[in-house]
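Peer 1:
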Amino acid sequence: MNSTTETVSESWPRSRSRRGRLGIDWFSSMWVVLLLPAAAAFLLSPHPAWAKAVGAAGFIGFACVYIIGVNRSPSLERFTPDTGLREELTPLAAPLLHMSLFTIVTLVAAKWWAMCFVPFFAAFFLYTTRVRTGITGALTLMVLGVALARLGSSEPGVFQISLGSSASVLFVLLGRLETEQELRRNRQLRAEAAAAEREEIGRNVHDLLGHSLTVLTLKAEVAQRLIHRDPDAAERELAEIVTLSRAALADVRATATRLRTPDLASQIEATRTAFAAADIKATITGEASDIPLPQRELLAWALREATTNAVRHAAATQVLVRLSPGLLVVTDNGRGMGDASHGNGLTGLGARVKAAGGTMTITSPAPHQLADEGPGTELEVIL
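To convert, count from 1 in the sequence shown and add 5; that's our numbering.
(1) With DSSP collapsed to three states, give me the class of Met342.
(2) Measure the C-alpha to C-alpha separation of Leu333 and Leu269 and round it to an integer number of angstroms.
(3) Which word fits Ala115, buried or exposed, when buried means at least 16 other C-beta atoms lie within 10 angstroms of its C-beta?
(4) Classify Phe176 as buried or exposed, calling it buried when 16 or more other Cβ atoms lie within 10 Å of its own Cβ.
(5) Leaving out the 5 sequence neighbours to the left and right, which residues in its chain are closer than 8 Å to Trp36 when beta-carbon positions are compared?
(6) Give me the Cα-Cα distance between Val386 and His52, rounded to the nearest whole angstrom.
(7) Look at the Cβ atom of Leu243, then the Cβ atom of Ala253, and state whether they are nearer than 8 Å.
(8) So, helix, strand or coil for Ser217, using DSSP?
(9) Can you give, in chain order, each stretch of the beta strand (DSSP E) that sits fully within the segment 265-299 and has at least 3 residues?
(10) Over what stretch of residues does the beta strand (DSSP E) that includes Leu384 continue unbroken?
(11) So, using beta-carbon positions, are Asp337 and Val358 closer together than 8 Å?
(12) For Ala133, does the three-state DSSP call read helix, strand or coil?
(13) Compare the C-alpha of Asp295 against each of Asn76, Ala321, Phe67, Phe64 and name the closest.
(14) In terms of alpha-carbon separation, which member of Ala283, Ala172, Leu308, Thr108 lies closest to Gly4?
(15) Measuring only the C-alpha atoms, how far is Thr133 from Glu92?
(16) Measuring alpha carbon to alpha carbon, tell me which of Arg135, Ala45, Arg327 ends up nearest Phe84.
(17) Using a Cβ-Cβ cutoff of less than 6 Å, which residues in the same chain neighbour Leu178 once the five nearest sequence positions on both sides are dropped?
(18) Taking the straight line between their C-alpha atoms, what separation do you get for Thr322 and Arg340?
(19) Pop quiz: Thr111 and Phe67 are said to be a contact at Cβ under 8 Å. What is the actual Cβ separation, rounded to whole angstroms?
(20) Going straight from the alpha carbon of Arg195 to that of Met365, what length do you get?
(21) Determine the direct distance from the alpha carbon of Met120 to that of Leu149, and round the result to whole angstroms.
(22) When the distance is taken between beta carbons, is Glu202 closer than 8 Å to Gly353?
(23) If you follow the beta strand (DSSP E) that Leu333 is in, where does it begin and where does it stop?
(24) Which of the three DSSP states, helix, strand or coil, is assigned to Ser329?
(25) Considering Cα atoms alone, identify which of Glu240, Ala239, Thr138, Ile65 is closest to Leu40.
(26) For Gln323, list the residues DSSP reports as bridge partners.
(27) Given a cut-off of 8 Å on the beta-carbon distance, is the pair Pro100 and Val123 in contact?
(28) Evaluate Val38 with the Cβ neighbour count: other Cβ atoms within 10 Å of its Cβ, from every protein chain shown; 16 or more gives buried, anything less gives exposed.
(29) Report the three-state DSSP secondary structure of Pro86 (helix, strand or coil).
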């Protein structure tokens, strides 16, 4: 049995917006392991038992609220030219407050070891605000940390800790600048993809409707000449005109459907309806409300295309749809793709996903087969 796996992706090294199957941003979350050396050094230092217990709780609590914060943080794509500073910073208030509370707890018990949290504050702030706001906040944190360490303590090693934290902030800042360049490239790719799609639609309208309307005009003229001389022939011409006009109307509707931006919640219901009408048993997990707003449109396009393929081409009897933040997986038990090439719909979807910095993978036979009817196909979109 042939196995076909194709992945459409864009080079996105060190991507910070990609989430795994559980909806967790592993790249951003994993950096909390850098707190382990500081926590270990503090616990091995000559502090009272109560201070070690409270300090350990502070380190653990900070790590937990940081992971929760980065996974619930708003997308960098949410900003528009009209977004004000208050609107930009309001979503950050709660996570920053929680991080600050555990910083205070750690500061009480571990004192200057809490300086190790400064790069995490800077990273959170940089990756949830616009570049100018983020750089201002990160540099302010860095300067304040060094100044407080220099002026507020004469303990050995404190100033070195502050310098190390400040150096880490600079590395995070450079990473954020790189991410901004990637975001700008992706916006340009999306704009180019949209322009290419408009050109394709224009060509379709010209090729399909232009030809159909030309033929309709010619046949109408023929029918007009035959209506008195040969009524039967004129009637045949008129019947063909009706058929051609219906085909042209179908072409117009298909083009309008492609132009219409889908709504994810509506598309989920449309998918349920389409599968029910095709007598396909469908299991759909996930809700539109669970998906971040910037991801909904693209996942709706992907779900629409997957639904169309499963209903029209797969000859499936069962479909599983899994939807979560940054992830859509559609698996069917149909005939599979074999060596068949992708149609325009999948090709266009792949271009959209690539422009958004994500990956689209089509695997046949499906890696998680649902039943014995066929090898099946699995479409996976990760943003």
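Even for Gly, the Cβ is constructed at its ideal location relative to N, Cα and C.
Being a predicted model, the structure only gives us computed values, none of them experimental.
Peer 2: According to the data block:
(1) Under the three-state reduction of DSSP output, Met342 falls in the coil class, being neither helix nor strand.
(2) 12 Å
(3) buried
(4) exposed
(5) Phe125, Ala128
(6) 50 Å
(7) no
(8) The three-state secondary structure of Ser217, taken from DSSP, is helix.
(9) 286-290
(10) Start and end: 382-387.
(11) no
(12) Looking at the sequence shown, residue 133 is not Ala but Thr. Three-state result, Thr133: coil.
(13) Asn76
(14) Nothing can be reported for residue 4, as the shown portion of the chain is limited to 6 through 388.
(15) Approximately 12 Å between the Cα atoms of the pair.
(16) Arg135
(17) Closer than 6 Å at Cβ, skipping near neighbours: Ala143.
(18) Cα to Cα, Thr322 sits roughly 10 Å from Arg340.
(19) Correct: roughly 7 Å between the Cβ atoms.
(20) 15 Å
(21) If you draw a straight line from the Cα of Leu149 to the Cα of Met120, it comes to about 11 Å.
(22) yes
(23) 332-337
(24) strand
(25) Ranking Glu240, Ala239, Thr138, Ile65 by Cα distance to Leu40 puts Ile65 first.
(26) BP columns for Gln323 point to Lys286.
(27) no
(28) So Val38 ends up on the exposed side.
(29) coil
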